[in-house]
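Numbering (my numbering), first residue to last: 1316 to 1471.
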């Protein structure tokens, strides 16, 4: 089923609730487009940590759930989701996140650091958005609360 991961964990490591002040389909379109646009884009740690430079860059790789699998959120998946939203809205949207971290050395070269892997669930009900994150593995260079706040700031 598009948008829902069948094996989403019962217990999550962090959850946070937000108010939605716009029509559900509009918010969902915005979220899906934003995550598509973030895919593969290099982001300074300053953007995530409210202006504080943690000394690394982040590249998010994002997949959207489709039953027991995740598909990379490319143009094809974006179109599929937007087509779905023409007729109905999602109750749940699940995403697989890979946070690729890099230090930039004195020569301007990227040096890879250990990555983080998470599953993020967005639950929609009335005028609320609940973001739940399960940390699969990795060093948690970005704390889950900060990760949720970063995405919520983009979405809302």
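Beta carbons are placed, not taken as given, at the ideal position from N, Cα and C, and that holds for glycine.
Everything numeric in this text was worked out from a predicted model, so none of it was measured.
Boundaries of the alpha helix (DSSP H) harbouring residue 1467: 1459-1470, taken from the DSSP string. When beta bridges are read from the DSSP output, residue 1358 appears opposite 1373. DSSP, reduced to helix, strand and coil, places residue 1424 outside both helices and strands of the structure shown, so it counts as coil.
One alpha carbon belongs to residue 1352, the other to residue 1342, and they sit about 15 Å apart.
If you check the CB distance, residue 1374 and residue 1425 do not come in under 7 Å. Between residue 1451 and residue 1445, the C-beta gap is not smaller than 7 Å, which leaves the two residues out of contact. In this structure residue 1318 is buried. Its beta-carbon is surrounded by 16 or more other beta-carbon atoms within 10 angstroms. In terms of Cβ geometry, residue 1316 and residue 1382 form a close pair [threshold 7 Å]. Of the candidates 1363, 1372, 1384, 1393, the residue whose Cα lies closest to the Cα of residue 1344 is 1393.
Excluding the 5 residues flanking it on each side, residue 1434 has same chain C-beta neighbours closer than 8 Å at 1320, 1323, 1324, 1409, 1410, 1411, 1412, 1448, 1449, 1451, in chain order. By DSSP's assignment, residue 1384 forms a beta bridge with 1381.
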